[in-house]
Amino acid sequence: MLVSGAGTNLQALLDASADPSYGARVVAVGADRDGIEGLARADRAGVPTFTKKVKDFTSREHWDRAMADTVANFEPDLLVLAGFMKLVGDEFHQRFGGRIVNTHPALSPAFPGMHGPAEALEYGVKVTGCTLFVVDEGVDTGPIVAQAPVVVEDDDTVEALHDRIKVAERTMLVDTVGRMAREGFSITGRKVVLGR
């Protein structure tokens with residue numbers, strides 16, 4: 115898993131993977147910043163961690179290669195970007211393409227980017243939600259694995275809406291990653307099918 119912040123999705127996956135029947139375990143947690151709660155959560159769980167800061171490399175490409183090399187050492191079957199706030203590059207996609215998933219706080223393809231809940235409120239939608247998708251070269255544009263709806267209340271603030279989306283997102287992420295690990299998945303064009 116790669117994280118950039120508090121690691122609440124990471125914690126949900128760590129908690130789920132404590133049950134052997136879940137079918138998946140977190141083998142390592144990487145970050146693009148030091149001193150974040152996500153790394154502390156992994157440390158407390160006894161999961162190996164690593165940090166690769168972009169500013170420590172001569173180029174974004176060198177950072178991407180170093181990150182890909184480090185991730186490869188852990189041999190993950192699936193790579194979860196859990197609040198990871200950097201876009202991975204070509205090297206990363208070449209090595210892990212089709213096995214990287216991320217969440218987005220909107221029902222894709224609506225409201226891509228970092229401000230999904232605010233844009234949903236601004237647009238006046240009655241239902242928004244969250245999406246788990248396979249990462250591609252775009253921003254929140256990959257094939258959709260799962261989605262969960264969240265009703266927009268008339269008196270919602272961005273923060274209140276985003277908090278409810280995060281709750282739905284954690285449940286969706288844990289349920290779907292477990293199924294992907296236990297049942298496998300395939301991608302044909304833009305369609306992701308769980309199961310062998």
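According to our numbering, the stretch in the sequence shown is residues 115 to 310, in order. Idealized CB from N, CA, C, for every residue including glycine.
Spatial neighbours of residue 249 within its chain, please: C-beta separation below 6 Å, excluding the five flanking residues on both sides. Contacts found: 214, 216 and 256.
Count the CB pairs spanning the segment 205-212 and the segment 232-247 that are closer than 8 Å, and state whether there are at least three. Inter-segment contact for the segment 205-212 and the segment 232-247 is absent: fewer than three beta-carbon pairs are separated by less than 8 Å.
Buried or exposed for residue 178, going by 16 or more other Cβ atoms inside 10 Å? With 16 or more Cβ atoms within 10 Å of its Cβ, residue 178 is classed as buried.
So what's residue 311 in DSSP terms, helix, strand or just coil? Coverage of the chain is limited to positions 115 through 310, which leaves residue 311 absent and any answer about it impossible.
Terminal residues of the continuous alpha helix (DSSP H) containing residue 280? From DSSP, the alpha helix (DSSP H) with residue 280 extends over 272-297.
Close Cβ partners of residue 308 (< 8 Å) along its chain, the five nearest in sequence each way excluded: Contacts found: 259, 290, 293, 294, 297, 298 and 299.
Roughly how many angstroms separate the alpha carbons of residue 140 and residue 202, rounded to a whole number? Their Cα atoms are separated by approximately 20 Å.
Coarse secondary structure for residue 161, derived from DSSP in three states: Three-state DSSP puts residue 161 in coil, outside helix and strand.
Taking Cβ positions, are residue 188 and residue 142 nearer each other than 7 Å? Taking the C-beta atoms as reference points, residue 142 is found nearer than 7 Å to residue 188.
Contact belief for residue 145 with residue 137 at Cβ below 8 Å, rounded distance in angstroms: Not quite, the Cβ-Cβ distance comes to about 25 Å (not below 8 Å), so this is no contact.
Sequence-distant residues of its chain with Cβ nearer than 8 Å to residue 261 (five each side left out): Excluding its 5 nearest sequence neighbours in each direction, residue 261 has C-beta neighbours in its own chain below 8 Å: 221, 222, 243, 244, 245, 246 and 286, listed in chain order.
Pop quiz: residue 219 and residue 253 are said to be a contact at Cβ under 8 Å. What is the actual Cβ separation, rounded to whole angstroms? Not quite, the Cβ-Cβ distance comes to about 13 Å (not below 8 Å), so this is no contact.
With residue 217 as the anchor, note down where its beta strand (DSSP E) starts and where it stops. For residue 217, the enclosing beta strand (DSSP E) covers residues 214-218.
Quick check: is any heavy atom of the ligand COA less than 6 Å from the C-beta of residue 306? Within the structure as shown, the ligand COA is missing, as the structure has no ligands at all.
For residue 165, collect the residues of the same chain with a Cβ closer than 8 Å to its Cβ; drop the 5 residues on either side in sequence, then sort them by chain order. Excluding residues within five positions, the ones whose Cβ falls inside 8 Å are 144, 145, 146, 147, 148 and 153.
So what's residue 305 in DSSP terms, helix, strand or just coil? Assigned with DSSP and collapsed to three states, residue 305 falls in strand.
Presumed contact (8 Å Cβ cut-off) between residue 193 and residue 231, rounded CB distance: Their Cβ separation, rounded to whole angstroms, is 25 Å, which puts residue 193 and residue 231 out of contact at 8 Å.
Please give the ranges of any beta strand (DSSP E) in the segment 135-215, keeping only runs that are unbroken, at least 3 residues long and fully inside the region. Qualifying beta strand (DSSP E) stretches, in chain order: 143-145, 163-165 and 193-195.
Taking the CB atoms as reference points, tell me whether residue 118 and residue 197 lie closer together than 7 Å. Contact flag set, yes.
Under 8 Å by Cβ, that's how I've got residue 264 and residue 278 pegged, so tell me the actual separation to the nearest angstrom. Contact check for residue 264 and residue 278: beta-carbon distance about 5 Å, within the 8 Å limit, so the pair qualifies.
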